[in-house]
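Residue numbers (our numbering), protein chains in the order written: chain Z, 741 to 1429; chain L, 25 to 179; chain C, 48 to 175.
Virtual Cβ for every residue (Gly too), placed ideally from N, Cα, C.
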Amino acid sequence: MTLDSLRETFFAECEDLIESLTENLELVASHEWDAETINAIFRAVHSIKGSAGAFGFTDLVDFAHHYETTLDLIRSDKLDISNDVLRLIIRCSDNLAELVEGSRVEGSPVPEATKDLTAELIQLSGGPDAAGSPEDEFVFTPVAALPIEISLEPVEGFDITLAPQPSLYLSGHDPLRLISGLDKLGALTPECIVDAVPTLDDFNFDESYLRWKLKLRGAEDEDAVRDVFQFVDGHCTLEITPVLAEPANEPHDAPVEPVAAKPEELQTVAPQPRAQPAKSSPPTQKAAQSTLRVDPERVDRLINSVGELIINHAVIDRNLKESGLVSNSEITTALDDYGTLAREIQEGVMAIRAQPVKSLFQRMGRVVREAGEATGKKVTFVTEGEATEIDKTMLERLADPLTHMLRNAVDHGIEAPARRQETGKPETGTVRLSAAHRSGHVVIEIIDDGAGLNRERLMQKAIEKGIITADAKLSEGEVYALLFAPGFSTAESVTNLSGRGVGMDVVKTAITSLGGKVGITSSPGQGSAFTISLPLTLAVLDGMIVEVGAETMVLPLSSIVETIRPAASDIQEVTPGEWVLSVRGTFVPVVNLNALMGLEQTDDDHTNRVFVLIDANDATIAVSVDAIQDQRQVVIKSLKGNYGAITGIAAATILGDGNIALIIDPEALSGLAASQRAAQSQHSLEPQF
Amino acid sequence: MTDTEIADKSKMTEFVSLRAGGQGYCVEITSIREIRRWRTVTSLPNADKSILGVMNLRGSVIPIIDLAARLGLPITELGPRSVVVVVAIGNRIIGLLVEAVSEILSIEASDIQPNPTQGRDGNDGQVVGLVSIEDEMLKILALDTIVDSEAEEAA
Amino acid sequence: MSLKHKLRVMVVDDMTVSRGLLVQSLEDMGLVHVDHQKSGDAALPLLAASPVHLVISDFNMPGMNGLDLLERLRMNQTTKGIGFILVTGSPTPEIIDRGRKLGLNNIVKKPFTTATLKSAVETVVGRL
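Here you go:
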């Protein structure tokens, strides 16, 4: 292992340690801890500190040192875990995680909170002197190990037991040759053990019954002894025990005894220091799940190739159908199998990038608790489906929107304890966070049993803020969706908790950028449910395939509200070249994709065009296209590598016929339309719809 | 002149000669990945006229550039001999539409003359050398200058 | 044969990184027989079956810590003569005290360099 790969391992290991740290802190927070919990917390921090030192991450080492000092006080019962202490050590674990993250990139700034937290830690542990510095000197006089010197004297020889398996004979080996090979190395006393040989009646001629005890004296080189047996490796049971020249230790003839008995002896003699945690018990040690750490880039390449394989299958399938072959011919059957296999491989490869949502959900537990404390509300946090796996990158990018939504659920959803009692609800509210796989998607739900959303108030606020007109008629879903409009806040008083200058619109943007959608349902007095639906991976996208002139393009499904084939009267020209579409009383600006992309229109009659309502960061726009072809998952291909970024285009994908379709970036469309309009107004005023 | 310089001068470099905008060019063979027949591309919105669009090259999306248009010559008319020369420039893979690809030439370094017009106004340095083959002057293209202007465009 | 080629060392550390660093340093010193285990529980039966000359163990491990491992080794006839070096980030007086009582041969403080580890090993087993 090189230092570089060890560095990588260090970060991977830190992730595990921080997960265990979080897990155990959760236990402490929920009062389900014992001494071992605190030990484990201490150990995690200590291990990070220890290894971080080797790589010279001094900021990390310093902070971990102070953190560890405080944890040590708790461990040795010198410090009680008050609520304040608990909050501090939880905040420290977050900061520690950030420091680890920062250490990946040289020159990263030290997290802001580090200084204050360090000061608090020092204060808790009774000032800087009590904590000492990580560079503290220690005094230990080394003790030379005498027995080692002795054992390094030439060994007298080896005791060897050899028990051939039938395969040894079958592969043409002969124990006699092995024994005479040993004889050349020193003085050999062979002894054949025949007690396993059965009576003639029970004799199985294919079985191996003989064993040998071989006492070799005057040989020193264990490797030379092992060399004799190198070709029968795996065909016999072999034990080679060096015999020391000076019998300093009593158990001189111990080697031939079955050594496996020793550990049991030991355990009866030695008192167990404390109850062993199940995960470190010896039988599971060897069989412990081993994990493979892989460079994510390799996995991405693999995902890409598999995507190609699936496209390739589609190409062959199409060509075959065009060739007019009978559909039940052998080749089509074989091709179907090929398709199934390709998809299986795809799923398998995707699974490599997948990680359980457990660690994320654990962090969210803390968010809910903090929110409860800050607002003086009593909240029980329940999680479901922690084992559900999603793409690692997605997992990381979900933390912020989830944090915000959970804070909201506590702040605006759950009522104050008194209010809950008035309405006959239990004083303590419940916020439920769940994850599940549903038909090729990951569905994450945040459900609270709070007051629910007040439709009238939502409408009123939206009208006040000029988001909708006073006479707008909105469906239930559309009313709730107002929550995601920028600058919208339903709280009568903006608490410092969820009013940090970020609205739910940021949540929406974050989810949309992951190719996901958010839905809301709510019933007054009973609570609300926010449902986030995400694709399984970032490498594919749910798209609507549309025709724009001679080209095929893809609109991300996550941004599409609905598709409309309007009546002629629904489309109105406001100013020359500026059109709007009337959707249930609301006027939505029209963006003509053909004009925007500089492509011919197949039909000038706008009633023959399809309008796709798209939610793009701040507004709804109606994108008009020639036709809708299909709705399906497409593999995302970046344009940036070989070309560069194009405004209005997010990426490209390869269609079943091998041609490329551009994936539209809905967020950039309205801006692009505006700038084009400005440029065009100088030239011509062609109608655009 | 030292021995090594003499050795360098007599070093053979292989070039592929091609025609674009009615003129003869050559490109070092090591940067050429493959030569493909023209097929319809997917056009890119609001792109420079020299950028024809993008093509699927075994799963990669590569831009196709009309070399003639890029060099300031009239745009290439698509004909039966039109081909796309796929070149690697740095980390990028790009297709160049040309009228025709002629042959592979081995040219001695000593036969290449530096472009005497290089550095003049309006000269982007796209032609770095000149070589005379059977009475015709071929211009040696510096491919990196073709993508560099490309990158500005994309940014 | 030189001491380097003869000396059998067992590294015990639950953390992959620090185990890797220890093994790497020992191999850099030219030691040939370096084995490693993730825990005292895993190392004990192996050590009882075929004793090594020197155990280099982390202190801070779940379940059996480094000094617990030393205690168990010293209790057994076959393993009681094994040299023992404890690796720890914070050698507190308590650790040093208990170590001394159990017959600890040396302590290495983390983070260590190959040079510091080497000199610690050499004070226990002699010049490599």
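With fewer than 16 other Cβ atoms from the protein chains shown falling within 10 Å of its own Cβ, HIS1177 (chain Z) counts as exposed.
In the DSSP assignment, TRP1319 (chain Z) forms a beta bridge with Z:GLU1313. For THR1123 (chain Z), the secondary structure class from DSSP, reduced to helix, strand or coil, is strand.
The DSSP-derived three-state label of GLU101 (chain L) is coil.
Assignment of beta-bridge partners to ASP1131 (chain Z) by DSSP yields Z:ALA1094. Taking 9 Å as the cut-off, the Cβ atoms of ILE1085 (chain Z) and LEU1032 (chain Z) do not count as close. The Cβ-Cβ distance between GLY958 (chain Z) and GLY897 (chain Z) falls below 9 Å. In this chain, the beta strand (DSSP E) harbouring LEU42 (chain L) covers 36-44. When the alpha-carbon of SER72 (chain C) is set against those of C:VAL58, C:MET122 and C:LYS85, the nearest one is in C:VAL58.
Under the three-state reduction of DSSP output, VAL1246 (chain Z) falls in the helix class. Within the DSSP bridge table, the entry for MET57 (chain C) names C:ASP82 and C:VAL102 as partners. Where GLN47 (chain L) is concerned, the enclosing beta strand (DSSP E) starts and stops at 47-52. With respect to the C-alpha of ARG105 (chain L), the residue from L:ILE59, L:ALA166 and L:GLU38 having the closest C-alpha is L:ILE59.
ARG827 (chain Z) carries a helical assignment under DSSP once its states are collapsed to helix, strand and coil. In the three-state reduction of the DSSP assignment, ASP1405 (chain Z) falls in the coil class, being assigned neither a helical nor a strand state.
Under the three-state reduction of DSSP output, ASN1052 (chain Z) falls in the helix class. Assignment of ASP812 (chain Z) by DSSP, reduced to helix, strand and coil, places it in the helix class.
At a Cβ-Cβ threshold of 9 Å, ARG1058 (chain Z) and GLY1396 (chain Z) count as neighbours. CA-CA distance, THR858 (chain Z) to TYR1220 (chain Z), rounds to 44 Å.
For GLU1162 (chain Z), the enclosing alpha helix (DSSP H) begins and ends at 1157-1162. Within the model, the alpha-carbon separation for THR1342 (chain Z) versus VAL1055 (chain Z) is close to 26 Å.
Taking a beta-carbon distance threshold of 9 Å, MET1337 (chain Z) counts as an interface residue toward chain L. For the region 768-792 of chain Z, the set of residues with a beta-carbon nearer than 7 Å to any beta-carbon of chain C comprises ALA780, ARG783, HIS786, SER787, LYS789, GLY790 and SER791, in chain order. For the pair ASP88 (chain C) and GLY113 (chain C), the CB atoms are not nearer than the 9 Å cut-off. In this structure, ILE1354 (chain Z) sits away from THR1347 (chain Z), with a CB-CB distance that is not shorter than 9 Å. Rounded to the nearest angstrom, the gap between the Cα atoms of PHE750 (chain Z) and GLY793 (chain Z) is 11 Å. In this structure, LYS955 (chain Z) places its C-beta atom within 9 Å of the C-beta atom of ASP899 (chain Z).
Not flagged as an interface residue toward chain C: LEU765 (chain Z), since no C-beta distance is shorter than 9 Å. In this structure, the straight-line span from the alpha carbon of LEU164 (chain C) to that of ARG174 (chain C) is close to 13 Å.
ASP1140 (chain Z) is not a Cβ neighbour of GLY1169 (chain Z), given a cutoff of 9 Å. Between VAL840 (chain Z) and ILE788 (chain Z), the gap from beta carbon to beta carbon is short of 9 Å. For ILE128 (chain L), the closest Cβ of chain Z is not nearer than 9 Å.
In the same chain as ASP115 (chain C), and ignoring 5 residues on each side of it, the C-beta atoms closer than 8 Å to its own belong to GLY87, in chain order. Proximity of chain Z to LYS157 (chain C) at the Cβ level (cut-off 9 Å) is accounted for by LYS789, GLY790, SER791, GLY793 and ALA794, in chain order.
Within chain Z, the residues placing a beta-carbon under 9 Å from that of ARG116 (chain L) are GLY1381, ASN1382 and TYR1383, ordered along the chain. Counting every other CB atom within 10 Å of its CB across the protein chains shown gives GLY1388 (chain Z) a total of 16 or more, marking it as buried.
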